[in-house]
Structures are given as C-alpha cells and as structure tokens.
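Protein chains in written order, with the numbering used here: chain V, 120 to 208; chain Y, 120 to 208; chain D, 120 to 208; chain C, 120 to 208; chain X, 120 to 208. Worksheet: the structure to be examined is printed underneath.
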C-alpha cells in the first residue's frame, strides 16, 4: 500500500458500467512526509476523500474488489483511508 | 489504473486464439495532464478507443478477464474508458 | 519479498474497518546490508515489529490475506518476520 | 502486456519439473518501434518464437497458466504472439 | 521470471511459521549475461541453490505457493531452477 494526495478527478462518457456511479480520483504518490514523488495513479474512492487530502491507497485488484463489494469489478486501485497523521520514529 | 494515449496497434499472424478478433492497442502512458512519460504498454480494447484518444487503462489480469468476459483469457491490460476531462484541483 | 526498516506508523479516523485494530507501519525499503533505497511502502504488522527493526515484508495480496486470517481484507503488504541477521557469502 | 525480442534461451539441469519440456526464452524488452529498453525478462514460449523475433509477452501468472494449460504451473511470463507489424498513428 | 545470483541468507527468530524450515535466500538480480543490476529480492529456496549459483526466480505468489505445496503460504518469490547456461543468439 502507498500514501498519496488527491489532486483531481477524471471524467468520461464512454466507460465500463462499473465506473458509472463511482469517483475516479487522480492520486499523486507521496513520500511518508508528504512530498510528491513525481508519480501518480488513478484510484476509485471508497471513503469520501476530498481535494488535497492525504490518503492510503491499496493497489491490488482482489482486495480492491472486496472493498467495493464487486467480485468482478474492473479495478486495481482504491482509496481505503484518509490519513490524519504519519508518525515517524 | 493509469492514464494513456492510443498511439498504435499491433498485428501478428501467429498468436494465441484469444486475440483473434480483438484490437491490441499500443498505449503511451501519460501524466494526468497528458504528457508522455516515456513508457508504454499493450492493452486490449474494450471501448472502441481510436487514434490519439486519452484512455483509462486497467493493468490487472483478473479484472481484465472480467471486462472481456473471458475467465481464462491471456490478458493483463485492457482499455476500460475514454477520458473526456481530467479535472485537477 | 523485500527487506525494510520500520520508520513510522500512520493514523487515520476515516478508513476501511479492516484496519481498525491493526498497526499500519511505514517501512523504508533497504538493501540486504541495511542501507535505505529511497523507497518505502505501508504494511500491516503481523509480528509485533517495533521502531527501527529490520523486517521481512511480503508484498502480495493473497498471501497477505492468509497471514492476517482475512480472506477478503483490503491488504497487499504485511510484515511477516523480524530479521536478526543477513548473512552474505 | 509488453513487446520484446527473443535474444536467447536458458538451460538448467536442476529445475522444477514444469519446465522439463518447455523453452525458457530470454526476452529483451523493446519500445513499440523495437529499440531495446535495457530491461529483460524470462518467459516460457507458447508460439514457437525463434531467435530475434519480435514478440508479445503476457506478464501475469493466472493468464500464463491458462495459456500453458497448467492450472498450477510456476510461471508468470509467457510469449503469446509473434509480431508482424506495429502500426503507429 | 528473472535471473539472479544467490548472495546470502536471512535469519530471524520471530517470523511466520511458514518460514520455519525453509531457507530464505538473498538474490541479487542479474542481466542475462550475469552482471548485477543493483536490485535484489528475498526468495524461498525450492531447488537446493547454493552460494553464488545463478538461479531462475519466479516472482508471483500463486505459482510460488504451488511450488512450495502450500496453498496459503505467505510467499511471493521462489527459486525454481539453477541455471547452467544462458545462450544468447
């Protein structure tokens, strides 16, 4: 799993029906302290994450389908938590 | 999932029968704002994506097989949407 | 599987219920001799790993779910061992 | 899926029985236009690919096992097609 | 699948019981001709690989569990062959 920041959303008329009522978020990957790594991914929201929030992203299909209650959904990445705090020792 | 742009197609006479009537697209990976990242992948079309269109690509085998209705298809990557707009906050 | 060092924990109020009573560790990836590689991942603890300990991390969803006894848990990475010694020939 | 070029084969006496009668090819990864990317992978042949041929490689275990008709084979990568032509728009 | 060289072993008292009687090898990833790439992984032995031997590594959980006869083992990477020769064309 990785940490990221919600920087946008994608919209499209032609898409698999699975995405019809789901938000597709653009997630900037970050270091534990919050700096952008220069990479990103697209993830389905499951926690109501808003603009600029730090989030935990699961990047694995079978777990993502369970979170979204869709045993055959075309999904690999899902936002599974909003991060309040990263404590580093 | 990632964003990309359709830049080509591949053709081959000798291939697994699964690919017989499917388009195999060359997808240039892009940043959220559409710049090429320098990387690419080959993905099966599922939405009728045309030349130069921005697309959403699922890069995970079990989900890809579901999209293509082929429980045992040799596939990992599939184009699952055409992107109209990427809104960044 | 990879080697890493426990450098922190993440906390969040809004998250999937699976994470309710589990520690989410920030793992700095290391070389076999223990130098940081500059990359990290977030992993669920399964062995009681503490601050600064060298650990073995499994980064694969199906195995991670088995370790955590949760056939449908949203998890990909889990700490599966604490490293006492890395012998290089 | 990715494109590559067959640059060699590996041989070994001690190996899992699954590999007994299968060719293990060394595949140089290439760009869509055929330049080497500097990376490679080892893939099982399924189409009779020969030296220097451009090939399509599936790098995903569940699909690879289906192609090779081996539900429990220790395999992740398989050559699934020989490329005649890559058309770029 | 990738090629590597056995450069060490890891030892730990606290670990998942699956690893109790298995050797956890440190594998330096190599190019087809045997040069170190600078990267490594930890893999369970299944062929009796010794110090400095060139090996074939399967880096995929479901196949790795089959090789080790453990349908629910926490494992992703397993050494599946010892390489005698890499023939490049």
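Glycine included, every Cβ here is placed at the ideal spot set by N, Cα and C.
Helix, strand or coil at residue i according to DSSP, with G and I counted as helix
i: residue 155 of chain V; result: strand
i: residue 124 of chain Y; result: strand
i: residue 183 of chain X; result: helix
i: residue 136 of chain V; result: helix
i: residue 172 of chain X; result: coil
i: residue 166 of chain X; result: coil
i: residue 191 of chain V; result: coil
Under 8 Å by beta carbon: chain Y residues contacting residue i
i: residue 191 of chain V; result: 182, 185
Host beta strand (DSSP E) of residue i (start-end)
i: residue 196 of chain X; result: 196 to 201
i: residue 204 of chain C; result: 204 to 207
C-beta contact flag for residue i and residue j at 8 Å
i: residue 164 of chain C; j: residue 141 of chain C; result: yes
i: residue 173 of chain C; j: residue 201 of chain X; result: no
i: residue 176 of chain X; j: residue 206 of chain X; result: no
i: residue 130 of chain D; j: residue 191 of chain V; result: no
i: residue 161 of chain D; j: residue 143 of chain D; result: yes
i: residue 124 of chain V; j: residue 149 of chain V; result: yes
i: residue 138 of chain Y; j: residue 147 of chain Y; result: no
i: residue 169 of chain V; j: residue 145 of chain V; result: no
i: residue 180 of chain V; j: residue 194 of chain D; result: no
i: residue 120 of chain V; j: residue 196 of chain D; result: yes
Near-chain X residues of the region 195 to 207 of chain D (beta-carbon distance less than 9 Å), N- to C-terminal order: 197, 199, 200, 201, 202, 203, 204, 205, 206, 207
Within 8 Å of chain C by C-beta, residues of the region 147 to 178 of chain X in sequence order: 150, 151, 165, 166, 167, 175, 177, 178
Chain V contacts made by the region 120 to 133 of chain D, where a contact means CB separation under 7 Å: 126, 127, 128, 129, 130, 131, 132, 133
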